[in-house]
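Residue numbers (the UniProt record's numbering): 1 to 376.
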């Protein structure tokens, strides 16, 4: 019979060996990725961006613009396969257009998925919701100032637009659908899943906006944002400005991806630029984030949530509460993965972070090919 000390030693040995295996596994994954897989390309991105990724986009991408809630024109794209019948719908973040997602769309399509992405109302190539007055139309600076205001009447309009897109484009062409959402798109996706979980087999959330950093406004005092003019920029914000990598280091530590996918695409497409949010957008976003946590238990599909360990845009506490709320109703339904040292923009981060996110997400989705519900 083993003594207590012997048992204690064996337990420590087991735990230590297990930790060593996990560490070795991550090192092995990184080594494989660094040796030239499709996901590890940061060093060569500048050379292949136009020749491979943009060429793919132009060859296979199809515009699928549609009328969203209240007839607002929503810009959207679809990337189809002739045989594959599993699709991924992407819900993007604040101020983004689908061009920022060129690389991730390319990766997902190469993995055999049909991909669907829309520009949320009021941003990207979708219709803007505030128009300049007759007097402002005579002043180009005034026109830009109005064009660049981030505005939404009601946050649920984003959810309704996404539902229309899923029903019109994604559902009819796929046996199973998966949802990938980033930042603001993560809040939209969360509210969507709370109402329409049956549309997707599973979802992956990248730095979801479950608790935006609205300093100095506390997240429980959203009503304070109603005190400002609803269609004016919130305090300290203004039109889009190309700030450069050093000024935007809070977003990503990958200079090459920032220069090409973030700043580069927006500088080339001024019509897609968006500045700071309006008071009403901030109010609606604050309320929606709180609601996404409160009602997370209604989600009936599994969620993989990637949390950036060095996120300075949204707060980690809200993401933890979101997962806790889901797991309190259905244990294990929300898996939280903390990416240590990564910044907010996980999908355009350095390979050391982005590659692990992509690998884990694809593995998660593939497991759901066997167990996830069908959409048709």
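We treat Cβ as the ideally placed atom computed from N, Cα and C, and that holds for glycine. Only a predicted model underlies this, so the values are computations on that prediction, with no experimental measurement involved.
- The way I'd put it, the segment 251 to 266 doesn't touch the segment 212 to 220; fewer than three beta-carbon pairs between them come closer than 8 Å.
- Between residue 316 and residue 345, the alpha-carbon positions lie close to 14 Å from each other.
- In the DSSP assignment, residue 182 is bridged to 206.
- DSSP lists 206 and 337 as the beta-bridge partner residues of residue 306.
- Between residue 168 and residue 98, the beta carbon gap of about 17 Å keeps them out of contact (Cβ cut-off 8 Å).
- 148 is the residue among 148, 296, 43 and 371 whose C-alpha sits nearest the C-alpha of residue 269.
- Partner residues in the beta bridge of residue 76, as assigned by DSSP, are 118.
- Assignment of beta-bridge partners to residue 166 by DSSP yields no partner.
- Annotation for residue 228: 234 and 279 place their beta carbon closer than 7 Å to its own, counting only its chain and skipping 5 residues before and after.
- Straight-line spacing of the CA atoms in residue 79 and residue 293 works out to 32 Å.
- Following the DSSP letters along the chain, one finds residue 62 inside the beta strand (DSSP E) bounded by residues 61 to 63.
- Note that the segment 206 to 218 does not touch the segment 260 to 268; fewer than 3 beta-carbon pairs, one per stretch, sit closer than 8 Å.
- The C-alpha of residue 158 is placed about 12 Å away from the C-alpha of residue 70.
- Judged by DSSP secondary structure, residue 90 falls within the beta strand (DSSP E) whose first and last residues are 86 to 91.
- Two segments are said to touch when three or more pairs of C-beta atoms, one from each, lie closer than 8 Å; by this definition the segment 182 to 197 touches the segment 280 to 300.
- Contact between the segment 81 to 96 and the segment 51 to 59 is absent: fewer than 3 CB-CB pairs across the two stretches fall below 8 Å.
- Beyond the five residues adjoining it in sequence on each side, residue 302 comes within less than 6 Å, by CB distance, of 202 and 333 in the same chain, given in chain order.
- Our two residues, residue 111 and residue 88, have alpha carbons roughly 11 Å apart in a direct line.
- Inter-segment contact for the segment 351 to 362 and the segment 322 to 329 is absent: fewer than three beta-carbon pairs are separated by less than 8 Å.
- The beta carbon of residue 310 lies closer than 7 Å to those of 341, 342 and 343 in the same chain, with the five residues before and after it left out.
- Closest in alpha carbon position to residue 172, among 116, 122 and 133, is 116.
- The DSSP-derived three-state label of residue 312 is coil.
- Excluding residues up to 5 positions away in sequence, 61, 62, 63, 64, 98 and 117 lie with their Cβ nearer than 7 Å to the Cβ of residue 77 in the same chain.
- For the set 178, 123 and 207, the Cα lying nearest the Cα of residue 362 is the one of 178.
- By the CB criterion at 9 Å, residue 124 and residue 308 fall outside the cutoff.
- Per DSSP, residue 47 is one residue of the alpha helix (DSSP H) stretching across 45 to 48.
- Counted as a single uninterrupted DSSP element, the alpha helix (DSSP H) harbouring residue 352 occupies residues 351 to 371.
- By DSSP's assignment, residue 66 forms a beta bridge with 74.
- For residue 268, the enclosing alpha helix (DSSP H) covers residues 265 to 268.
- Assigned with DSSP and collapsed to three states, residue 285 falls in helix.
- In the three-state reduction of the DSSP assignment, residue 140 falls in the helix class, which pools H, G and I.
- Look at residue 228 here: in three-state DSSP terms it is coil, with no helix or strand label.
- Minimum Cα-Cα distance from residue 277 among the listed residues 135, 266, 325 and 145 corresponds to 145.
- With contacts defined as CB atoms closer than 9 Å, residue 68 and residue 161 qualify as a contacting pair.
- With 16 or more other Cβ atoms inside 10 Å of its own Cβ, residue 42 counts as buried.
- Residues 304 of the same chain have their beta carbon placed closer than 6 Å to that of residue 364, with the five preceding and five following residues left out of the count.
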